[in-house]
Amino acid sequence: MNHPAQSGEPSTIFDALPLATEDRTGYQRTSFKHWNSGDIPNDGCNTRNEVLLAEAIDYPAISAGCTLHIGAE
Numbered sequence: 000m001n002h003p004a005q006s007g008e009p010s011t012i013f014d015a016l017p018l019a020t021e022d023r024t025g026y027q028r029t030s031f032k033h034w035n036s037g038d039i040p041n042d043g044c045n046t047r048n049e050v051l052l053a054e055a056i057d058y059p060a061i062s063a064g065c066t067l068h069i070g071a072e
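All the letters of the sequence shown, read from the start, carry residue numbers 0 to 72 under numbering that gives the first Met the number 0.
Structure (structure tokens):
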């Protein structure tokens with residue numbers, strides 16, 4: 000589907016976008032193991048936890064296996 004560029008208020012443009020039901024056909028989380036070990040594979044922090052740590056406003060406490068806890072302890 001090809002839509003021409005539109006101008007206007009973002010809420011108006013967003014309202015014009017078509018909605019569709021999410022389709023996860025063929026998705027398998029196990030297919031993404033290659034990126035999930037993080038920067039240092041032996042520290043236990045996967046990519047998700049590394050991003051959470053990098054973007055944290057209130058730095059979480061970290062326990063064994065890079066388990067993150069809300070707020071510093």
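Note that the Cβ used here is the ideal one computed from N, Cα and C, for glycine as well.
Beta-bridge annotation (DSSP): Ile61 is paired with Leu67. Annotation: Tyr26 to Thr20 spans about 15 Å, alpha carbon to alpha carbon. Excluding sequence positions up to five before and after Asn48, its CB lies within less than 8 Å of the CB of Gly37, Cys65, Leu67, all in the same chain and listed in chain order. Per DSSP, Ile12 is one residue of the alpha helix (DSSP H) stretching across 9-15.
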